[in-house]
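Colleague: Numbering (the numbering used here), first residue to last: 54 to 117. Beta carbons: idealized from backbone N, C-alpha and C, even for Gly.
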């Protein structure tokens with residue numbers, strides 16, 4: 054039934070405001086309960102500007 058797009062060994066991170074949804078459709082390696090925008094902003098604020106050259110300029114210019 055349908056195509057499975059996730060590799061069998063994929064590590065998934067799920068962010069959802071509703072804790073009952075975490076891992077509901079796929080097993081997750083990390084489940085984060087919270088507002089996706091706030092979680093993304095928090096993660097982004099903790100990334101180093103020197104985390105890698107590829108995409109560095111785009112990361113600095115992200116605007117939520």
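Name, in chain order, the residues that DSSP records as bridge partners for residue 67.
Modeller: Taking the chain shown and counting its residues from 1, the one referred to as residue 67 is at position 14. Partner(s): 84.
Colleague: Less than 9 Å between the beta carbons of residue 11 and residue 83, yes or no?
Modeller: With the chain represented from 54 up to 117, any question about residue 11 goes unanswered, as that position is not in the structure.
Colleague: When you compare each of 81, 115 and 114 to residue 66 by their alpha carbons, which one comes out closest?
Modeller: Position 13 of the chain shown holds residue 66. Ranking the options by Cα distance to residue 66, first place goes to 81.
Colleague: As a quick exercise: from 71, 79, 93 and 97, pick the residue whose alpha carbon is nearest that of residue 60.
Modeller: By 1-based counting over the chain shown, the position of residue 60 is 7. Closest by alpha carbon: 79.
Colleague: Report back the beta-carbon spacing between residue 97 and residue 115 to the nearest angstrom; my notes put them in contact at under 8 Å.
Modeller: Here the question's residue 97 lines up with position 44 in the chain shown. Here the question's residue 115 lines up with position 62 in the chain shown. Right, their Cβ atoms sit about 6 Å apart.
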